[in-house]
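Colleague: Below you will find the structure I want to go over with you.
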Amino acid sequence: MRRRSRYGWLELIEGILLILLGIYTLINPGNMIRGVTVVYGFLAVVTGISDIVFYAKTDRYIGFGPTISLVSGILSILAGLMLLMYPNAGELITIMLLPIWFIAHSVSRLTHLPLVRLAGKFFYYFTMILNIVGIILGCLMIIWPVIALFSIGFIIGFYLILLGIDSIVMACSNMDAGWM
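Just so you know, my numbering puts the end of the sequence shown at 342, numbered straight through with nothing missing.
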């Protein structure tokens, strides 16, 4: 990690936060909506910043993919700020914004796939499958909000742990060593 860019450290911190938040959500699924709206808002801001940093670092190297990262980063930051500013309304907002965040973050990660290929086949397929599942879960939670309400703690907890593993592996890989 010493020879890595600051973006690698941001990915590592994001991964650790995602895993910790996922574990907390699995332990307390009933209190998830009431208790951690602010934490999810903070995490959405961090992942949004991470996507914008990715855009800034890769814009000149590749085409349209980083633009999607910029848009999803802005959407993540806006969703996070909304959760941080209105924690009392966070329960209702969380039921609608978390699926949108799942979809935006998964689409952003899918645009990273050409770069992820450098980390190896396993990580490439793991990232691809994980983010396709994220898009499907996000769509299901939008279509059937009742599913989101009753199972959101377990679904999100497990998915956040997987996203955290994905971020840590990306941070520890040597994918962007030549970019900086």
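Even for Gly, the Cβ is constructed at its ideal location relative to N, Cα and C.
With distances taken between CB atoms, is the gap from Gly326 to Leu180 smaller than 7 Å?
Modeller: The answer is yes: Cβ separation under 7 Å.
Colleague: Can you tell which of Ile189, Leu240 and Lys219 has its C-alpha closest to the C-alpha of Leu205?
Modeller: When each option's Cα is compared against that of Leu205, the closest is Leu240.
Colleague: Should Thr187 go down as buried or exposed, given a rule of 16 or more other Cβ atoms within 10 Å for buried?
Modeller: Burial call: buried.
Colleague: Report all residues from its chain with a CB closer than 7 Å to the CB of Thr209; omit the five preceding and five following residues, and keep chain order.
Modeller: Glu176, Ser238 and His267.
Colleague: Are Gly242 and Val207 closer than 7 Å when you measure CB to CB?
Modeller: In this structure, Val207 lies closer than 7 Å to Gly242 by Cβ.
Colleague: Confirm, please, whether the CB-CB distance from Arg279 to Tyr286 is below 7 Å.
Modeller: Yes, the pair counts as a contact, with Cβ atoms nearer than the cut-off.
Colleague: Excluding five sequence neighbours on each side, which residues of the same chain lie with their C-beta closer than 8 Å to the C-beta of Ile298?
Modeller: None.
Colleague: Would the C-beta of Ala281 count as close to the ligand PLP, meaning under 6 Å from any of its heavy atoms?
Modeller: As for the ligand PLP, it is missing from this structure, which has no ligand bound.
Colleague: Does the distance from the C-beta atom of Asp328 to that of Leu275 stay below 7 Å?
Modeller: In this structure, Leu275 does not lie closer than 7 Å to Asp328 by Cβ.
Colleague: Compute the Euclidean distance between the alpha carbons of Ile236 and Ile265, then round it to the nearest angstrom.
Modeller: Those two C-alpha atoms are separated by around 14 Å.
Colleague: Using only CA atoms, which one of Ile262, Tyr202 and Val215 lies nearest to Met247?
Modeller: Measuring from the Cα of Met247, the nearest candidate turns out to be Tyr202.
Colleague: Expressed to the nearest angstrom, what Euclidean distance is found between the alpha-carbon atoms of Ile185 and Ile323?
Modeller: Cα-Cα distance, rounded: 7 Å.
Colleague: How long is the line joining the alpha carbons of Met332 and Gly170, rounded to whole angstroms?
Modeller: When rounded, the distance between both Cα atoms is 8 Å.
Colleague: Grouping DSSP H, G and I as helix and E and B as strand, with all else coil, what is Ser335?
Modeller: In this structure, Ser335 counts as coil in the three-state DSSP scheme.
Colleague: Would you mind sorting Thr229 into buried or exposed? The rule is 16 or more other CB atoms within 10 Å of its CB.
Modeller: Answer is exposed; the Cβ neighbour count stays below 16.
Colleague: Are there 16 or more other CB atoms within 10 angstroms of the CB of Trp263, so buried, or fewer, so exposed?
Modeller: Buried, by the Cβ-count rule.
Colleague: Could you check whether Pro191 and Gly300 sit closer than 7 Å to each other, using their CB atoms as the reference points?
Modeller: Cβ atoms of Gly300 and Pro191: not closer than 7 Å.
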